[in-house]
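Novice: So for the first sequence, our numbering puts the first residue at 115; every next one is plus one. Below is one structure. I have some questions about it.
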Amino acid sequence: MAKEVVSRKENYSLWYNNLVTKADLAENSAVRGCMVIKPYGYAIWEKMQGTLDKMFKDTGHVNAYFPLFIPKSFFSREASHVDGFAKECAVVTHYRLKNDPDGNGVIVDQEAKLDEELVVRPTSETIIWNTYKSWIQSYRDLPILCNQWANVVRWEMRTRLFLRTAEFLWQEGHTAHATQQEAIDEAEKMIHVYADFVQNWMGVPVIIGKKSESERFAGAVDTYAIEALMQDGKALQAGTSHFLGQNFAKAFDVQFANKDGKLDYVWATSWGVSTRLMGALIMAHSDDNGLILPPKLAPIHVVIIPIYKGEEELNLLRSQSKILKKKMEERGIIVKIDDRDNVRSGFKFAEYELKGVPVRLAIGPRDYQNGTVEVARRDTLEKQTVLQEGIADYVSNLLEEIQVNIFKKALKFREENTHKVDTYEEFKKKIEEGGFILAHWDGTSETEVKVKEETKATIRCIPLDMPEEAGVCMVTGKPSKQRVIFARSY
RNA sequence: CGGGGUGUGGCGCAGUUGGCUAGCGCGCCACGUUCGGGACGUGGAGGUCGAAGGUUCGAGUCCUUUCACCCCGACCA
Numbered sequence: 115m116a117k118e119v120v121s122r123k124e125n126y127s128l129w130y131n132n133l134v135t136k137a138d139l140a141e142n143s144a145v146r147g148c149m150v151i152k153p154y155g156y157a158i159w160e161k162m163q164g165t166l167d168k169m170f171k172d173t174g175h176v177n178a179y180f181p182l183f184i185p186k187s188f189f190s191r192e193a194s195h196v197d198g199f200a201k202e203c204a205v206v207t208h209y210r211l212k213n214d215p216d217g218n219g220v221i222v223d224q225e226a227k228l229d230e231e232l233v234v235r236p237t238s239e240t241i242i243w244n245t246y247k248s249w250i251q252s253y254r255d256l257p258i259l260c261n262q263w264a265n266v267v268r269w270e271m272r273t274r275l276f277l278r279t280a281e282f283l284w285q286e287g288h289t290a291h292a293t294q295q296e297a298i299d300e301a302e303k304m305i306h307v308y309a310d311f312v313q314n315w316m317g318v319p320v321i322i323g324k325k326s327e328s329e330r331f332a333g334a335v336d337t338y339a340i341e342a343l344m345q346d347g348k349a350l351q352a353g354t355s356h357f358l359g360q361n362f363a364k365a366f367d368v369q370f371a372n373k374d375g376k377l378d379y380v381w382a383t384s385w386g387v388s389t390r391l392m393g394a395l396i397m398a399h400s401d402d403n404g405l406i407l408p409p410k411l412a413p414i415h416v417v418i419i420p421i422y423k424g425e426e427e428l429n430l431l432r433s434q435s436k437i438l439k440k441k442m443e444e445r446g447i448i449v450k451i452d453d454r455d456n457v458r459s460g461f462k463f464a465e466y467e468l469k470g471v472p473v474r475l476a477i478g479p480r481d482y483q484n485g486t487v488e489v490a491r492r493d494t495l496e497k498q499t500v501l502q503e504g505i506a507d508y509v510s511n512l513l514e515e516i517q518v519n520i521f522k523k524a525l526k527f528r529e530e531n532t533h534k535v536d537t538y539e540e541f542k543k544k545i546e547e548g549g550f551i552l553a554h555w556d557g558t559s560e561t562e563v564k565v566k567e568e569t570k571a572t573i574r575c576i577p578l579d580m581p582e583e584a585g586v587c588m589v590t591g592k593p594s595k596q597r598v599i600f601a602r603s604y
């Protein structure tokens with residue numbers, strides 16, 4: 115008897131459950147809104163991390179690490195930056211506990227108060243720029259191209275598992291350059307690195323663009339972003355790259371002597387992606403049977419499930435499975451044999467579908483006789499019986515095909531849910547259906563605010579590689595050079 | 001921080017206008033039969049009903065306070 119499946123609209127948690135849970139600590143816990151990443155979920159994150167890390171290094175970056183705690187005063191330096199983060203910071207005020215003399219357990223020792231409070235980093239621009247100041251004196255010290263893998267904390271008023279947890283894992287790149295153009299190039303380069311990763315590894319199509327003024331990062335001159343569309347019709351910002359101008363250099367007084375011997379402020383960028391990407395991965399691909407993982411990021415590519423009666427058959431199939439496993443491993447395929455004797459094979463089928471393992475091989479006595487194996491692919495749920503001979507090639511090709519197919523499917527979904535709209539009336543109707551809307555906008559914040567208030571939709575980005583097209587703003591009728599992307603977002 | 005909702009074994013829930021020993025499904029344990037798509041039978045373990053206080057002969061149920069979580073806003077990756 116198959117169990118009832120929770121529908122996608124009702125609940126994403128079915129898919130999440132293999133990967134992550136809410137932090138489940140004592141009552142009154144202040145860590146609400148945090149998450150526990152389970153081993154299987156972390157294995158995916160490690161794959162993402164490894165791939166991105168290599169991409170960063172291939173583009174000339176190096177890893178470094180900076181402190182978790184940032185002196186409060188650092189935040190006062192860059193005005194718009196503090197505006198953006200002040201409301202969501204965790205602050206350390208004391209450094210010691212003691213036993214309560216009244217016997218109520220442990221209390222904060224009020225005598226151990228810090229002179230200056232420490233802020234748990236919500237992002238590291240301030241402490242990094244304070245550090246860079248001592249690293250930079252001459253144009254010969256530039257560029258500095260550092261990346262940091264770290265956790266950060268943002269005390270959001272409302273959290274959402276994966277998409278907006280109070281603590282999350284991410285990487286943040288922070289670069290310093292001698293010229294404006296070099297910094298702009300860096301910011302653009304990195305948003306393209308992100309797009310490459312999200313599309314070609316995660317299989318999620320994205321639109322690369324610039325943020326409008328009101329959606330910009332606190333302290334940035336320009337914010338580039340990649341925007342993805344989830345299956346429920348909402349947009350998700352999957353990564354950002356910021357051209358910071360000289361804002362942080364000025365705030366932290368980071369000057370260098372240029373080739374002419376004159377002092378100038380350093381030009382900066384920062385860029386980051388987080389565990390939110392795992393949310394994107396899940397929400398973009400999963401179906402009612404559970405996760406669908408792209409082979410390039412799946413912790414297990416292939417699971418082999420022996421189907422047997424009795425110990426004799428099991429042993430026979432077990433050793434045959436090992437042979438198949440070895441053949442595939444020689445081709446770099448990650449294979450798991452699930453020969454657990456205490457759950458039935460149908461249960462295993464369902465379990466690995468829930469986990470999103472791309473390919474399943476089932477081998478039973480009949481297959482053993484015929485020298486065949488049943489191959490099932492997770493993305494289409496199709497099953498086929500193929501010869502064991504040449505299985506490594508077959509599976510290797512299949513994995514590549516699945517990787518491409520997942521992307522195509524997501525792209526098709528996005529295209530079917532992207533609409534050009536020319537009037538505000540039509541816009542209001544279309545936005546209710548979800549998806550991306552391409553419309554003309556007069557470039558003003560006022561119009562953007564009005565649209566947001568009336569429809570809850572925001573400008574996700576001003577696409578970079580979309581042809582210019584003259585038109586008029588759908589709201590005000592003022593001239594516009596190009597269409598921008600509107601959507602409701604997470 | 002505003003509006004709405006929910007707290008009952010590990011998970012999901014039922015429990016009527018207060019009334020007997022607090023139930024059900026899943027899961028868990030034991031034994032047996034099963035095993036090519038989430039098995040079935042029999043037996044069993046597991047609960048301070050979110051917390052504190054109150055009303056009452058009697059509270060999961062009523063009242064007060066409080067805490068947490070979820071959803072919708074505002075804020076944000």
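Every residue gets a Cβ at the ideal spot worked out from N, C-alpha and C, and that includes glycine. Only a predicted model underlies this, so the values are computations on that prediction, with no experimental measurement involved.
How is residue 413 classed by DSSP in three states: helix, strand or coil?
Specialist: Three-state DSSP puts residue 413 in coil, outside helix and strand.
Novice: Going by the beta-carbon positions, is the gap between residue 592 and residue 584 smaller than 8 Å?
Specialist: Taking 8 Å as the Cβ cut-off, residue 592 and residue 584 do not qualify as a contacting pair.
Novice: Decide if residue 221 is buried, meaning its Cβ has at least 16 other Cβ atoms within 10 Å, or exposed.
Specialist: Exposed is the call here.
Novice: Could you give the distance in angstroms between the alpha-carbon of residue 476 and the alpha-carbon of residue 419?
Specialist: Distance between the alpha carbons of residue 476 and residue 419: 5 Å.
Novice: Does the structure place the stretch 163 to 181 close enough to the stretch 195 to 202 that three or more beta carbon pairs sit under 8 Å?
Specialist: At 8 Å Cβ cutoff, the stretches do not touch.
Novice: Where does residue 315 sit, in a helix, a strand or coil, going by DSSP?
Specialist: Reduced to three states, the DSSP call for residue 315 is coil.
Novice: If the criterion is Cβ atoms closer than 8 Å, does the pair residue 506 and residue 382 meet it?
Specialist: The answer is no: Cβ separation not under 8 Å.
Novice: Can you tell me whether residue 277 is helix, strand or coil according to DSSP?
Specialist: Three-state result, residue 277: coil.
Novice: Identify every run of the beta strand (DSSP E) within the stretch 514 to 593, keeping only runs that are complete inside it and at least 3 residues long; order them along the chain.
Specialist: Segments of the beta strand (DSSP E) lying fully in the stretch 514 to 593: 532 to 534, 550 to 554 and 572 to 577.
Novice: Please report the Cβ distance between residue 388 and residue 283, rounded to the nearest whole angstrom; I am assuming they are in contact, meaning their Cβ atoms lie under 8 Å.
Specialist: About 7 Å; that satisfies the 8 Å criterion.
Novice: Would you call the stretch 535 to 548 and the stretch 295 to 309 in contact, with 3 or more CB pairs under 8 Å?
Specialist: Too few Cβ pairs lie closer than 8 Å, so no.
Novice: Have a look at residue 327 and residue 354 and give me their C-alpha separation to the nearest angstrom.
Specialist: Rounded to whole angstroms, residue 327 to residue 354 spans 14 Å at the Cα level.
Novice: What is the DSSP secondary structure of residue 177, reduced to helix, strand or coil?
Specialist: Strand at residue 177.
Novice: Can you give me the Cβ contacts of residue 152 inside the same chain, cut-off strictly under 8 Å, excluding the 5 residues immediately before and after it?
Specialist: Closer than 8 Å at Cβ, skipping near neighbours: 132, 133, 134 and 135.
Novice: Measure the beta-carbon distance from residue 380 to residue 291 and round it to whole angstroms, keeping in mind my assumption that it falls under 8 Å.
Specialist: That belief holds up - the Cβ atoms of residue 380 and residue 291 are roughly 7 Å apart, short of 8 Å.
Novice: Around the Cβ of residue 273, are there at least 16 other Cβ atoms within 10 angstroms (buried) or fewer (exposed)?
Specialist: So residue 273 counts as buried.
Novice: According to DSSP, is residue 360 helix, strand or coil?
Specialist: Looking at residue 360 - three-state DSSP - the assignment turns out to be coil, as it is neither helix nor strand.
Novice: In three-state terms, what does DSSP make of residue 238?
Specialist: It is coil, neither helix nor strand.
Novice: In the structure shown, what three-state DSSP assignment does residue 261 receive?
Specialist: Note: residue 261 maps to strand in three-state DSSP.
Novice: What do you get for residue 461, buried or exposed, if any count of 16 or more other CB atoms within 10 angstroms of its CB means buried?
Specialist: Residue 461 should be labelled exposed.
Novice: Grab the span of the alpha helix (DSSP H) containing residue 194 for me, first residue to last.
Specialist: Segment 193 to 199, the alpha helix (DSSP H) holding residue 194.
Novice: Distance check for residue 160 and residue 573, CA to CA, integer angstroms please.
Specialist: The alpha-carbon atoms of residue 573 and residue 160 are separated by roughly 32 Å.
Novice: What's the call for residue 227, buried or exposed, on a 16-neighbour Cβ count within 10 Å?
Specialist: Under this definition residue 227 is an exposed residue.
Novice: So, is residue 601 buried or exposed, given that buried needs 16 or more other C-beta atoms within 10 angstroms?
Specialist: Burial call: buried.
Novice: Pull up the distance between the alpha-carbon of residue 186 and that of residue 549, whole angstroms please.
Specialist: Rounded to whole angstroms, residue 186 to residue 549 spans 41 Å at the Cα level.
Novice: Measuring alpha carbon to alpha carbon, tell me which residue in 189, 391 and 520 is nearest residue 366.
Specialist: Nearest option by C-alpha distance: 189.
Novice: Could you tell me which residues DSSP pairs with residue 342 in its beta bridges?
Specialist: 350, per the DSSP bridge assignment.
Novice: By how many angstroms is the C-alpha of residue 347 removed from the C-alpha of residue 604?
Specialist: Going by the C-alpha atoms only, they are around 10 Å apart.
Novice: Out of 547, 589 and 531, point me to the one whose CA is closest to residue 559's CA.
Specialist: Cα-wise, what sits closest to residue 559 is 589.
Novice: Taking just the CA atoms, how far does residue 571 sit from residue 565?
Specialist: Distance between the alpha carbons of residue 565 and residue 571: 7 Å.
Novice: Around the C-beta of residue 237, are 16 or more other C-beta atoms found within 10 angstroms, so that it is buried, or is it exposed?
Specialist: Classification of residue 237: buried, given that the 10 Å Cβ count is 16 or more.
Novice: Out of curiosity, what's the CA-to-CA distance linking residue 581 and residue 157?
Specialist: When rounded, the distance between both Cα atoms is 40 Å.
Novice: Expressed to the nearest angstrom, what Euclidean distance is found between the alpha-carbon atoms of residue 311 and residue 166?
Specialist: Distance between the alpha carbons of residue 311 and residue 166: 7 Å.
Novice: Identify, in the order they occur along the chain, each residue of the same chain with its Cβ nearer than 8 Å to the Cβ of residue 519, setting aside the five sequence neighbours on each side.
Specialist: Excluding residues within five positions, the ones whose Cβ falls inside 8 Å are 493 and 494.
Novice: Which one of 239, 430, 409 and 486 has the shortest CA to CA distance from residue 449?
Specialist: For the residues 239, 430, 409 and 486, the minimum Cα distance to residue 449 belongs to 409.
Novice: May I ask which residues mark the beginning and end of the beta strand (DSSP E) holding residue 596?
Specialist: Careful: residue 596 lies outside any beta strand (DSSP E) and carries neither H nor E.
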